[in-house]
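Worksheet: one structure, shown below.
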Amino acid sequence: MSTTQTLRIKFMSPQLRGALDLFLAAAGQGFNSYIEKRARVSQLAELDAKSDEELARMGLRRDDIPRYVFRDLIGL
Numbered sequence: 000m001s002t003t004q005t006l007r008i009k010f011m012s013p014q015l016r017g018a019l020d021l022f023l024a025a026a027g028q029g030f031n032s033y034i035e036k037r038a039r040v041s042q043l044a045e046l047d048a049k050s051d052e053e054l055a056r057m058g059l060r061r062d063d064i065p066r067y068v069f070r071d072l073i074g075l
């Protein structure tokens with residue numbers, strides 16, 4: 000005669016799992032914003048380091064750099 004036992008380990012309740020999911024999603028959004036901001040700041044610095052001639056070859060003036068870097072956010 001053989002018996003089979005099933006061991007179920009419950010790490011967290013559904014309520015706690017839901018709260019953790021919400022927390023991680025919110026933290027992830029903040030992290031994504033941070034990463035995006037750093038990438039844009041880096042891009043601003045890279046473009047600002049170029050000479051006026053290099054910018055002109057890209058079709059930019061120095062005053063255009065912020066608009067260019069954030070163009071997807073302002074619809075230009």
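Residue numbers (numbering that gives the first Met the number 0): 0 to 75.
For glycine and all other residues, C-beta sits at the position ideal for the given N, C-alpha and C.
Using three-state DSSP, classify residue i as helix, strand or coil.
i	result
Arg16	helix
Arg37	helix
Leu59	coil
Gln28	helix
Gln4	coil
Measure the beta-carbon distance from residue i to residue j and round it to whole angstroms, keeping in mind my assumption that it falls under 8 angstroms.
i	j	result
Leu43	Ile73	With a Cβ gap of about 15 angstroms, Leu43 and Ile73 do not count as contacting.
How many angstroms separate the CA atom of residue i from the CA atom of residue j?
i	j	result
Ser32	Gln4	48 angstroms
Lys37	Thr2	In the sequence as presented, Lys is not what sits at residue 37; that position holds Arg. The straight-line gap from Cα to Cα measures roughly 59 angstroms.
Gln28	Arg56	36 angstroms
Asp12	Glu53	The residue asked about is misnamed: residue 12 is Ser in this sequence, not Asp. If you take the alpha carbons of Ser12 and Glu53, they lie about 58 angstroms apart.
Asp47	Glu35	18 angstroms
Ser41	Phe30	16 angstroms
Check for me: the alpha helix (DSSP H) holding residue i runs from which residue to which?
i	result
Arg66	Ile64 to Val68
What residues in its chain sit with their C-beta under 7 angstroms from that of residue i, if we drop five residues either side in the sequence?
i	result
Asp62	none
Can you find the residues in the same chain that come closer than 8 angstroms, C-beta to C-beta, to residue i, ignoring five residues on each side of it along the sequence?
i	result
Ser50	none
Phe22	none
Under the criterion of a Cβ to heavy atom distance below 8 angstroms, does residue i qualify as lining the ligand COA?
i	result
Leu19	Summarising the ligand content, the structure contains no ligands, and the ligand COA is consequently not present.
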